[in-house]
Amino acid sequence: MSFIDTIKEKAKSNLKTIILPESEDERTIRAAAGVLEQGLAKIILLGNPDTIRGDAAKYGVNIDGAKIVDPENCDKFTQYQTLLQKLREKKGMTMDGAKEALLADRTMFGVVMLKAGDGDGLVSGACHSTANTLRPALQVLKTAPGSKMVSAFFLMDVPNCEYGHNGTFIFADSGLNQDPDSDELAIIANDSAKSFRQLVGADPYVAFISHSTKGSAKHALVDKVTAAVKSAHDNYPDLVCDGELQVDAAIVPSVAASKAPGSPVAGRANVLVFPNLDCGNSAYKLVQRLAKAEAYGPMLQGIARPVNDLSRGCSYEDIIGVVALTSVQAQDAQ
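Have a look at this one:
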């Protein structure tokens, strides 16, 4: 059974309600139909019911099992409006401002529904930027208790791959933080390890990636990574991590034996923490396109409720996978 099939089976075991704000996008409608057909989650679509049902008919898919909520004709609108105003009152939010925000941005509306307990997770980003998904989540849901920052990762499932955990990896941060400092890299590493254990169900081995392995190169960028490793060891003593490691030393046992003998991670890494967003984002896209890997994300970690972004180049099958992953996150958040 593939990784995503395992996730789907877990999602089916305890159905959660996932909100999809982007009903104007064909991929979202097709994904909603696929989720319902496979029995992966309960679905809420945001938008005009007549338009959504008309689009579904045009695409030849069945969304009869979905709940459709029209922000402009929602019987809980005043409740959501009051909730948003109270949450953002210190930022100068008025009732009129809350009404405007809810009607102008379906992602904001969906996030407020989550805050009110009328959904378990939200997936957006097929036709909007990461900022459009993240900003409402941070403004309304805030960070999770104990979380120091929000970061993003891609869950990579590489076919016919003997590396990682049966070809499964987390790449972080690959979607959000541009140039995290050493302490932030350590936080990303610890949170990504937790996400790996939660979603994959296996022990995480975290490699801090660099163009250098164990001092083979000297540069300020290498120094940042080695400082991140020290920060991780100091702040998260139970985290199995090592660095700095080149990618081949991190995942290939024979290379690890030569370049990093004695490392607890080299040659077996399944969580790769990249030094900046340029590296992380480029790496996931290369593996996705050249190795024909399934790439799910960017998944967000550190937010109080499960909210996940999508690549604007995603397929409707990708959305189905992220909905399943979000459902599993919601199960564990209970």
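Note that our numbering numbers the sequence shown so that position 102 is 706, with each residue one more than the last.
Ideal Cβ positions, reconstructed from N, Cα and C, are used throughout, including at glycine.
- One thing to note: glutamine 689 has its Cβ within 8 Å of the Cβ of alanine 702.
- In the three-state scheme derived from DSSP, where H, G and I count as helix and E and B as strand, aspartate 629 is classed as coil.
- Counted as a single uninterrupted DSSP element, the beta strand (DSSP E) harbouring phenylalanine 775 occupies residues 772-776.
- Between leucine 780 and threonine 734, the C-beta spacing is below 8 Å.
- Between the C-alpha atoms of threonine 632 and aspartate 659 there is a straight-line separation of about 11 Å.
- A distance of 8 Å or more separates the beta carbons of alanine 636 and lysine 620.
- Taking the Cα of isoleucine 791 as reference, the smallest distance to any Cα among Leu649, Ile923 and Phe812 is reached at Phe812.
- DSSP, read as helix, strand or coil, puts phenylalanine 681 in helix.
- According to the DSSP secondary-structure assignment, leucine 876 is paired through a beta bridge with Phe775 and Ala811.
- Inclusion of aspartate 783 and leucine 881 in the CB contact set at 8 Å is warranted, their separation being smaller than that value.
- Put simply, the backbone Cα of lysine 671 is about 45 Å away from that of valine 851.
- In this structure, the CA atom of glutamine 935 is about 44 Å from the CA atom of alanine 821.
- Burial check for histidine 837: the Cβ neighbour count within 10 Å stays below 16, so the residue is exposed.
- Note: isoleucine 907 is bridge-paired with Thr747 in the DSSP secondary-structure output.
- Burial is judged here by how many other beta carbons sit within 10 angstroms of a residue's own beta carbon; arginine 893 has fewer than 16 and is exposed.
- Using a Cβ distance threshold of 8 Å, glutamate 628 and tyrosine 663 do not count as a contacting pair.
- Our two residues, tyrosine 920 and proline 865, have alpha carbons roughly 43 Å apart in a direct line.
- Glycine 651 and methionine 903 have their C-alpha atoms spaced approximately 24 Å apart.
- Sorting Asp785, Ala793 and Ala870 by C-alpha distance to the C-alpha of threonine 817 places Ala870 at the top.
- For glycine 669, the closest alpha carbon among the candidates Thr747, Thr655 and Ile648 is that of Ile648.
- As summarised for the region 643-723, the continuous beta strand (DSSP E) elements at least 3 residues long and confined to that stretch are 646-650 and 671-673, given in chain order.
- Per the coordinates, the alpha-carbon of lysine 694 lies some 12 Å from the alpha-carbon of valine 744.
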